[in-house]
Amino acid sequence: MADTNSSKKPNSSGYLKRLGARILCEANDLKRTPEALAKDLDLDFSIIQSVLDGGADEETARAVLFRMAECYPVSLSDLWVDRDDTGGGAVVMKASRSESSSRVFERPDTGGGSAPYYEYRDTAMSRLAPFKPEWIRELRVVGDADPANPGVVFNKGHLAHQQTFFIGPVNFYWEIDGQRFCAEMETGDSNYITPFVPHSFASRDADEMAVIIAVTYSGQVHQSLQDFSRIGAAAADAAAGSGLQDGFASRLRRHLAAESLLPGQFAEMLTDAGLSAARAGALTGGEAVPGPDELSLMAGVLNVRDEDLMVSPPEPGDQVIVRRHGEATVRQFPAGNEPRYRLRELARSRNQPYLKGFEVTVLSEAVKTGGEGDFRHGLHEYVYNYGTEAVIMTWGADGREAVLEPGDSAYIQPFVAHGFEAAGGDGNLVMVRIPGNLTDALFDEYASFPASGRLRVAGETEVWF
Ligand SMILES: [Fe+2]
């Protein structure tokens, strides 16, 4: 997609240094010194040295990377480093730019032909962020809330998770186990849609703007597609299981298979550790779910953490969550006497604990703060100005600033401090945060490293072996 970045050009020397560090890290894993790398790749040592230092040009650095993928059993995708397309950690997309990306999609109509159904527009995105937020106008107009309305055309669902924010009179349709549902949504309402749940949207009023902000994003499955396609659907399905009992049994089965431990052998080990033979048999056979003490005991026998055996299965009703504007929790931020924002939670899903959507009111009477900004967190953040007032966005340690007019959108990288100020009256933003690859599992692993070595993760600087 086109460069949406309205800020400064990305820093090229920083990118080349990251590429050099990535190559050194991989060479380390392969137990190759820079000299050995040069010999294997049949390149001059001075070329390798300059690439590792970040001093070579991009073409040379990428040529080294491609040669490594040919010469060694390493994946190009593990070596690849994407160029940062943000300006200081943020991308801003003006409404006019979104408009110029407009395309209309048709779907079958009731007369046997096809007619416009949606108008799509891109909004702020970054290649470093796993979401594709879009502005979608509903062009099919319906006169009822009947989920079987023949004018409503469902999709087949998609691999991306979706948080939707509604603007205007939009009907939301979805299908679970062959049963179709419809909810009449208003401005400020929101939903969460699980991957592969078929859904659709339509307008209730041809004269009013009926729009959704659809924030689709990839979860861990999407980001592990290579592995999934290699094991095949049947193996993935059998390994995953479903439901609480089945979910726990599947998790335990994966651990036992990894240890090449038969259920009977594991049951004996549990009996030796103090469980009755009957209970040990029921737990290993998948007929029972352990209580907290039993779970700790099983984890101890397997030398894993308690949480490695904990399963919170999906519940009926988790697949689609609808939250009305009026029922949402509202709080001031920061708390205290001088709040600058009112945050209203959008639909939440316990299965996506780091999906955090908000409707944000940027208070015009707020006291100016100065400093780096009010928000700083480990999630990717998307913002869209759906109101009628401009909002000033500030971000980064070097105090960058951009005006978000109505219809403008922005993306902010994890851990980049940022804030918003009303330019006139109260501002109205949709804000959706998603985790990407920066998961709890990742931070737990990182936390286990000795502090002295941690800094080397972000950019390997030395030959360690
Ligand atoms: Fe969708």
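Residue numbers (the numbering used here): 1288 to 1752. Even for Gly, the Cβ is constructed at its ideal location relative to N, Cα and C.
Using C-beta distances below 7 angstroms, list every residue in its chain close to residue i, excluding the 5 sequence neighbours before and after it, in chain order.
{"i": "V1281", "result": "Here the chain has residues from 1288 to 1752 only, and residue 1281 is not among them."}
{"i": "A1527", "result": "S1537"}
{"i": "L1543", "result": "P1550 and F1553"}
{"i": "E1386", "result": "R1408"}
{"i": "P1601", "result": "N1638"}
{"i": "V1338", "result": "G1307, I1310, T1347, A1348 and V1351"}
{"i": "V1703", "result": "G1376, A1377, W1682 and G1683"}
DSSP has residue i in a bridge; who is on the other side?
{"i": "H1448", "result": "Y1504"}
{"i": "F1488", "result": "F1459"}
{"i": "G1714", "result": "V1649"}
{"i": "Q1466", "result": "I1463"}
{"i": "R1629", "result": "Q1619 and T1648"}
{"i": "L1691", "result": "V1678"}
{"i": "Y1359", "result": "DSSP lists no partner for Y1359."}
{"i": "G1686", "result": "In DSSP, G1686 forms no bridge with anything."}
{"i": "N1478", "result": "T1451 and V1609"}
{"i": "R1720", "result": "K1643 and E1668"}
{"i": "E1471", "result": "N1458"}
Which residues bound the beta strand (DSSP E) around residue i?
{"i": "E1646", "result": "K1643 to V1649"}
{"i": "N1638", "result": "No beta strand (DSSP E) contains N1638, which DSSP labels as neither H nor E."}
{"i": "F1662", "result": "No beta strand (DSSP E) holds F1662; DSSP gives it neither H nor E."}
{"i": "T1681", "result": "V1678 to W1682"}
{"i": "D1409", "result": "S1401 to D1409"}
{"i": "M1380", "result": "A1377 to M1380"}
{"i": "S1696", "result": "S1696 to I1699"}
{"i": "E1421", "result": "F1418 to E1425"}
{"i": "R1566", "result": "Careful: R1566 lies outside any beta strand (DSSP E), inside the alpha helix (DSSP H) at A1564 to T1571."}
Looking at residue j and residue i, is the spacing between their C-beta atoms short of 9 angstroms?
{"i": "R1720", "j": "H1664", "result": "yes"}
{"i": "Y1407", "j": "V1440", "result": "no"}
{"i": "L1633", "j": "F1452", "result": "yes"}
{"i": "V1457", "j": "V1498", "result": "yes"}
{"i": "L1695", "j": "Y1669", "result": "According to the sequence displayed, residue 1695 carries Asp and not Leu. No, these two residues do not count as a Cβ contact at 9 angstroms."}
{"i": "N1436", "j": "A1489", "result": "yes"}
{"i": "N1535", "j": "G1578", "result": "At residue 1535 the sequence reads Phe, which differs from the Asn that was named. No, they are not a contact pair."}
{"i": "A1382", "j": "E1646", "result": "no"}
{"i": "A1501", "j": "P1420", "result": "yes"}
{"i": "M1380", "j": "T1410", "result": "yes"}
{"i": "A1709", "j": "L1650", "result": "yes"}
{"i": "G1683", "j": "A1377", "result": "yes"}
{"i": "G1714", "j": "G1686", "result": "no"}
{"i": "Q1450", "j": "L1642", "result": "yes"}
{"i": "Y1359", "j": "D1329", "result": "no"}
{"i": "V1391", "j": "R1491", "result": "no"}
{"i": "I1699", "j": "V1690", "result": "no"}
{"i": "L1557", "j": "V1588", "result": "yes"}
{"i": "D1331", "j": "A1325", "result": "yes"}
{"i": "P1722", "j": "D1661", "result": "no"}
{"i": "L1725", "j": "P1701", "result": "yes"}
{"i": "V1654", "j": "E1625", "result": "yes"}
Who are the Cβ neighbours of residue i in its own chain at under 6 angstroms, not counting the five residues just before and after it?
{"i": "R1309", "result": "V1368"}
{"i": "A1525", "result": "none"}
{"i": "R1414", "result": "D1369 and D1372"}
{"i": "D1396", "result": "A1402"}
{"i": "E1546", "result": "none"}
{"i": "F1707", "result": "V1649, V1678 and M1680"}
{"i": "D1290", "result": "Interpretation of D1290 is limited by its pLDDT of 40, a score under 50 that renders its predicted location unreliable; the figure taken from the coordinates is listed afterwards. Contacts found: none."}
{"i": "L1363", "result": "A1356"}
Just confirm the distance between the C-beta atoms of residue i and residue j, as a whole number of angstroms; I'd bet it's less than 8 angstroms.
{"i": "E1495", "j": "G1455", "result": "5 angstroms"}
{"i": "H1667", "j": "F1418", "result": "7 angstroms"}
{"i": "N1478", "j": "V1609", "result": "5 angstroms"}
{"i": "T1503", "j": "A1447", "result": "4 angstroms"}
{"i": "M1718", "j": "G1644", "result": "7 angstroms"}
{"i": "R1741", "j": "Y1733", "result": "7 angstroms"}
{"i": "I1463", "j": "V1617", "result": "Contact flag wrong, Cβ pair sits at about 29 angstroms."}
{"i": "L1596", "j": "A1586", "result": "5 angstroms"}
{"i": "D1605", "j": "S1636", "result": "7 angstroms"}
{"i": "I1334", "j": "A1323", "result": "With 8 angstroms as the limit, I1334 and A1323 do not qualify as a contact, their Cβ atoms being about 14 angstroms apart."}
Give every residue of the same chain whose Cβ lies closer than 8 angstroms to the Cβ of residue i, excluding the five residues on either side of it in the sequence, and list them in chain order.
{"i": "G1561", "result": "L1584"}
{"i": "G1711", "result": "S1651, E1676 and A1677"}
{"i": "V1508", "result": "L1446, P1482 and F1515"}
Would you say residue i touches ligand 2, meaning its beta carbon is less than 8 angstroms from a heavy atom?
{"i": "T1503", "result": "The ligand content of the structure shown is limited to ligand 1, which means ligand 2 is not among them."}
How would you write the range of the alpha helix (DSSP H) that residue i sits in, first residue to last?
{"i": "V1338", "result": "F1332 to D1340"}
{"i": "G1551", "result": "P1550 to D1559"}
{"i": "A1523", "result": "A1520 to A1527"}
{"i": "F1707", "result": "Premise fails: F1707 lies in the beta strand (DSSP E), H1705 to A1709, not in any alpha helix (DSSP H)."}
{"i": "F1392", "result": "Looking at the DSSP string, F1392 is not in any alpha helix (DSSP H); the run it does join, the beta strand (DSSP E), is R1390 to P1395."}
{"i": "R1309", "result": "S1299 to D1316"}
{"i": "V1588", "result": "P1579 to L1589"}
{"i": "L1729", "result": "D1727 to A1734"}
{"i": "L1324", "result": "P1321 to L1328"}
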